[in-house]
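Residue numbers (the working numbering): 1 to 184.
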């Protein structure tokens with residue numbers, strides 16, 4: 001309690017001093033061991049600016065890309081499908097949202113009743129195929145998300161376990177999507 005009061009009174013005294021503004025502006029630099037100094041600038045020609053930018057880009061580290069991954073790592077395909085299905089969901093939401101907004105201007109009927117009536121008029125095989133195309137990314141994203149949660153707990157990183165979980169993941173996704181499409 002007394003330590004808090006002493007610390008608070010010290011902060012108040014520093015805040016009242018004329019150097020408080022200087023300290024508050026330069027404290028991060030001073031903490032890192034850098035001295036506060038004014039910045040110097042020079043006018044560059046367009047060609048000099050472009051060559052400076054090019055030299056800075058050449059010295060930057062390059063992030064690894066897909067070509068550094070070993071194709072024998074089976075978890076890579078599951079991970080990429082999580083991203084693909086997430087993109088399918090977000091892209092579909094944006095496309096439908098934009099179509100729903102412009103539908104009255106173009107004379108389209110995207111109301112729930114119109115969509116349900118159009119879907120009801122389809123043949124059974126087309127209904128099942130359409131439902132499977134909607135269910136597969138949903139189930140795949142959900143199952144892959146659970147796998148990623150398990151990986152967050154640092155479980156299941158042995159190579160045999162990764163292969164087994166990958167096969168179970170694809171089987172579960174396929175059976176669940178077929179079940180949602182044709183049994184419901």
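The C-beta atom is built at its ideal place from N, Cα and C for all residues, glycine as well.
Three-state secondary structure (DSSP) of residue 62: Of the three classes helix, strand and coil, the one that applies to residue 62 here is coil, per DSSP.
Quick one: is the Cβ of residue 122 within less than 7 Å of any heavy atom of the ligand HEM? Here there are no bound small molecules, and the ligand HEM is not part of this structure.
Contiguous alpha helix (DSSP H) assignments of at least 4 residues, all confined to the segment 80-120: List check, alpha helix (DSSP H) in window: 112-120.
Can residue 89 and residue 128 be called in contact, C-beta distance under 8 Å? In this structure, residue 128 does not lie closer than 8 Å to residue 89 by Cβ.
Please report how far the alpha carbon of residue 59 lies from the alpha carbon of residue 45, in whole angstroms. Going from the Cα of residue 59 to the Cα of residue 45 covers about 21 Å.
Can residue 169 and residue 78 be called in contact, C-beta distance under 8 Å? Closer than 8 Å, so yes.
Put residue 55 into one of helix, strand or coil per three-state DSSP. DSSP places residue 55 in helix when its eight states are reduced to three.
Between the CA atoms of residue 93 and residue 114 - distance to the nearest angstrom: Distance between the alpha carbons of residue 114 and residue 93 is about 18 Å.
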